[in-house]
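Residues in the sequence shown are numbered consecutively from 0, following numbering that gives the first Met the number 0.
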Amino acid sequence: MIDDEALKARFNPEGSLLRRQQNRMTEMLLCFDKICTKHGIRYWLCSGTLLGCIRHKGYIPWDDDLDVEVMREDYDKLMQILPQELPEQYALQNHETDPGYFFCFAKLRDKKSFLQETNRYDRVFAYRGIFIDIFPYEKVTPLMHWISCRTFGRVYKVMNNPKYTDEEAVKRVSKIYDFNHNYVFPVLKALSRLSTSKLLRYSCGIPYSNACYESEIFPLKRAPFDGYEMPIPNDSDAYLKRKFGDYMQLPNLDTLHPHSDELTIEE
């Protein structure tokens with residue numbers, strides 16, 4: 000039996016910095032949900048956010064990020080819509096809005112906070128506030144996805160090489176990003192479309208394994224999350240079992256690691 004009140008008292012009591020971060024992410028999610036609803040864009044909670052929704056009816060008490068997924072065609076629409084629809088407090092972060100940002104998925108950023116991630120890759124990013132990750136799904140075979148992640152991996156080698164200044168690193172990473180997206184990834188996607196597999200995966204260059212079937216996602220349902228009803232996959236059980244196994248079992252609570260090592264939040 001999971002004692003959510005005891006977990007909350009230990010990890011994210013009201014007024015704590017983590018709980019304030021979670022409240023800010025919920026505010027951002029409500030804004031994102033409103034825009035998606037207005038434009039008929041289907042999205043759903045995923046990964047640890049979905050796990051928290053099902054297991055805790057909100058955030059995993061120690062979780063400090065929020066993840067959503069969309070189909071590729073809706074993702075492309077969002078990249079056009081969000082800059083026009085977001086209030087001043089938020090910003091869309093992708094390679095086009097922030098040349099130093101090199102990931103192959105977008106983030107919705109809060110401008111009234113500052114967050115420094117433990118991996119320090121964000122040192123070259125223009126936007127560094129609390130964020131929501133937005134992951135695109137499409138048909139990519141395991142081999143093509145593996146190749147795409149190997150080609151993207153050159154980015155990490157540049158960012159971890161101490162001989163490059165931040166300015167030099169941004170220039171080199173941008174060249175890798177452009178080459179992948181203009182040449183490598185289109186070929187890998189074209190080859191993937193020849194496959195008969197119905198499994199969907201994250202788009203090329205996203206180094207996470209979140210394979211699922213479209214039939215497990217749609218039609219979307221809504222479930223309680225942090226006091227609100229939010230969209231989740233139709234078969235969240237299948238999704239979570241594939242990713243986490245026995246997802247109702249709590250991990251070792253003494254070996255948890257946060258995503259950030261510095262955080263300030265403006266009221």
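Yeah, the Cβ is synthetic: ideal placement off N, Cα and C, and Gly gets one too.
| Check | Outcome |
| --- | --- |
| Local conformation of I34 per DSSP, three classes | helix |
| Within 9 Å, strictly: CB atoms of D64 and H256 | no |
| Identified DSSP bridge partners for W145 | Bridge partners of W145: none, in fact. |
| Residue from I216, F224, Y201 with nearest C-alpha to N233 | I216 |
| Cα-Cα separation between E116 and K138, rounded to whole angstroms | 30 Å |
| Whether R221 touches I231 by CB criterion (9 Å) | yes |
| beta-carbon R122 near the ligand SAH non-hydrogen atom, thresh 8 Å | The model depicted lacks the ligand SAH and carries no ligand whatsoever. |
| Limits of the unbroken beta strand (DSSP E) element including T263 | 259–264 |
| Inter-stretch contact (C-beta, 8 Å, three-pair minimum) for the stretch 35–49 and the stretch 94–110 | no |
| Cut-off 6 Å between Cβ atoms - residues of its own chain near A210, not counting five sequence neighbours on either side | L198, R200 |
| C211 - partner residues in DSSP beta bridges | L199 |
| Cutoff 6 Å; reference R18; Cβ partners in own chain excluding five residues on either side | N11 |
| 9 Å Cβ cutoff met for C52 and S194 | no |
| Those residues which DSSP pairs with D165 across a bridge | Note: D165 sits in no beta bridge, so no partner. |
| Of the residues Y42, M0, L16, T25, the one placed nearest L219, counting alpha carbons only | Y42 |
| Endpoints, beta strand (DSSP E) assigned at F130 | 130–137 |
| Backbone secondary structure at Y126 - three-state DSSP | coil |
| Pair within 9 Å by beta-carbon distance, G99 and V172 | yes |
| Residue from N181, Y246, A105 whose Cα sits closest to the Cα of D73 | A105 |
| Segment contact flag, the stretch 76–87 with the stretch 29–38, C-beta cutoff 8 Å, min 3 pairs | yes |
| Opening and closing residue of the beta strand (DSSP E) in which E228 lies | 227–231 |
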